[in-house]
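Here's the structure, in structure tokens; my notes come after.
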Amino acid sequence: MNTPHNYEHERALWDQFAESATKDPSTGGPVFRWTQYKDHPADPGPGILGDPATVLEIGYGTGRALAYLAEQGVKCTGVDLSPVAVAHSTQKYGHLGIEFVCAEVLAHLAGRENSFDAVYSIFGAAWFTDPKRLFPLVASSLNPGGVFVFSQPPAIPGAYGPQGMYKGGFAGPAMFTYRYSYPLHQWHEFMENAGFIDVEVREIDAPTPGHIGTLLVRGTRSN
Ligand SMILES: C[S@@+](CC[C@H](N)C(=O)[O-])C[C@H]1O[C@@H](n2cnc3c(N)ncnc32)[C@H](O)[C@@H]1O
Numbered sequence: 660m661n662t663p664h665n666y667e668h669e670r671a672l673w674d675q676f677a678e679s680a681t682k683d684p685s686t687g688g689p690v691f692r693w694t695q696y697k698d699h700p701a702d703p704g705p706g707i708l709g710d711p712a713t714v715l716e717i718g719y720g721t722g723r724a725l726a727y728l729a730e731q732g733v734k735c736t737g738v739d740l741s742p743v744a745v746a747h748s749t750q751k752y753g754h755l756g757i758e759f760v761c762a763e764v765l766a767h768l769a770g771r772e773n774s775f776d777a778v779y780s781i782f783g784a785a786w787f788t789d790p791k792r793l794f795p796l797v798a799s800s801l802n803p804g805g806v807f808v809f810s811q812p813p814a815i816p817g818a819y820g821p822q823g824m825y826k827g828g829f830a831g832p833a834m835f836t837y838r839y840s841y842p843l844h845q846w847h848e849f850m851e852n853a854g855f856i857d858v859e860v861r862e863i864d865a866p867t868p869g870h871i872g873t874l875l876v877r878g879t880r881s882n
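Counted from 1, the sequence shown has number 701 at position 42 by our numbering; the numbering is strictly sequential.
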């Protein structure tokens with residue numbers, strides 16, 4: 660399916676999200692977690708990125724994961740669609756030397772000049788971008804042996820492909836985005852088709868049985 664993306668609708672939605680995230684005290688400071696649960700014992704943490712010297716986070720939102728890695732001495736770049744997110748993250752974490760870029764991820768990766776040891780997304784742009792278009796661009800943005808890792812909620816059974824979502828009720832200006840959801844085997848296929856090897860696709864259970872888990876996907880760019 661060719662999704663008629665209009666990034667202005669999406670930017671408006673994410674600007675609102677970024678505005679409310681700054682007012683949410685639970686957003687806190689630097690932290691790196693793949694799941695939606697604080698202090699989740701099954702969260703693999705940043706270690707699954709390997710030991711990267713350079714990283715790119717796609718759809719970084721608050722910038723808190725980049726801030727965590729920058730404090731460990733990693734050279735960090737983030738790209739996000741929302742000018743509001745970029746303004747807030749620059750103000751909060753700019754002193755850590757992180758490069759915060761305001762751009763749509765597909766356009767940014769298509770025009771980028773440098774490459775990275777790791778590219779990752781935490782409920783970020785990998786969730787909101789067509790994997791058939793995104794994954795090959797990510798693969799070509801990685802150094803040989805580099806890794807791509809992303810997390811997001813698992814698909815609702817039977818609801819696969821782009822999932823349109825309105826924000827703010829069903830009246831007023833249209834703010835919407837598309838989320839991409841697939842069964843595990845399909846993520847595996849997208850990763851391999853984009854040239855990734857050692858692909859792992861799994862669901863991390865929530866800390867409470869029966870609660871929503873987390874999809875985690877990881878692959879390596881071959882040498
Ligand atoms: C749910 S938030 C991510 C939250 C982030 N993990 C954090 O801890 O703050 C999703 C982010 O992805 C960004 N995003 C969505 N679609 C994008 C795209 N096509 N290109 C770049 N960024 C995008 C949004 O602007 C938003 O900041």
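The beta-carbon is built from N, C-alpha and C at its ideal position, and this holds for glycine as well.
All values derive from a computational prediction rather than experimental measurement.
In terms of side-chain proximity, the C-beta atom of F855 is found no nearer than 7 angstroms to any non-hydrogen atom of ligand 1. Boundaries cannot be given for T788, as no beta strand (DSSP E) includes it and DSSP labels it neither H nor E. The count of Cβ pairs closer than 8 angstroms, one atom from the segment 677-687 and one from the segment 842-858, stays below three, leaving the stretches out of contact. With a cutoff of 7 angstroms, V876 does not count as near ligand 1, since its C-beta is closer than that to no heavy atom of the ligand.
With a threshold of 7 angstroms, the Cβ atom of F691 does not count as near ligand 1, since no heavy atom of the ligand is closer than that. At least one heavy atom of ligand 1 lies closer than 7 angstroms to the C-beta of Y719. Distance check between T721 and each of P705, L740, G709 and D857 places L740 closest, using alpha-carbon atoms only. Annotation: the continuous beta strand (DSSP E) that includes N802 extends over L801 to Q811. Secondary structure of M824 (DSSP, three-state): strand. For S774, the closest C-alpha among the options I717, T713, Y825 and G737 is that of T713. At the C-beta level, F759 and A785 stay beyond 8 angstroms of one another. Residue pairing for A830: DSSP places it in no beta bridge. Bounds of the beta strand (DSSP E) holding G737 are K734 to D739. In the DSSP assignment, E862 is bridged to L874.
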